[in-house]
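Undergrad: Have a look at the structure that comes next, please.
Numbering (my numbering), first residue to last: -19 to 83.
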């Protein structure tokens, strides 16, 4: 069944009375209340494209998804050294195995 939009008025006591058409089945429904003045306001919600435009204008949008053409792969020793910079002498594998405990 397609969603149905109904208009209504909230009275001073903050009560809402709605006459539901007979075509609506009996059972649970989802009711969303949007004041009409909110419908007329321009949405201030940022879309993904708007955010990308703002980041690009500020020079903060990363577009380099690949290594440069002249990039040289790290050697095994360089990768090992970088992997140990923050954790000391143990490799990441050793720390993971230590956390897992004996198998």
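For each residue, glycine too, the CB sits at the ideal point set by N, CA and C.
Do residue 72 and residue 81 have their C-beta atoms within less than 7 angstroms of each other?
TA: Taking a C-beta distance under 7 angstroms as the contact criterion, residue 72 and residue 81 do not qualify as a contact pair.
Undergrad: Could you give the first and the last residue of the continuous alpha helix (DSSP H) run that contains residue 63?
TA: Unbroken alpha helix (DSSP H) run through residue 63: 56 to 64.
Undergrad: DSSP state of residue 35, grouped into three classes?
TA: Residue state, collapsed to three classes: helix.
Undergrad: Write down the C-beta distance between residue 41 and residue 32 rounded to the nearest angstrom, noting that I regard them as a contact closer than 8 angstroms.
TA: Contact flag correct, Cβ pair sits at about 6 angstroms.
Undergrad: Identify the continuous alpha helix (DSSP H) that holds residue 13 and give its terminal residues.
TA: Looking at the DSSP string, residue 13 is not in any alpha helix (DSSP H), and its letter there is neither H nor E.
Undergrad: Could you tell me which residues DSSP pairs with residue 6 in its beta bridges?
TA: For residue 6, which the question treats as bridged, DSSP gives no partner whatsoever.
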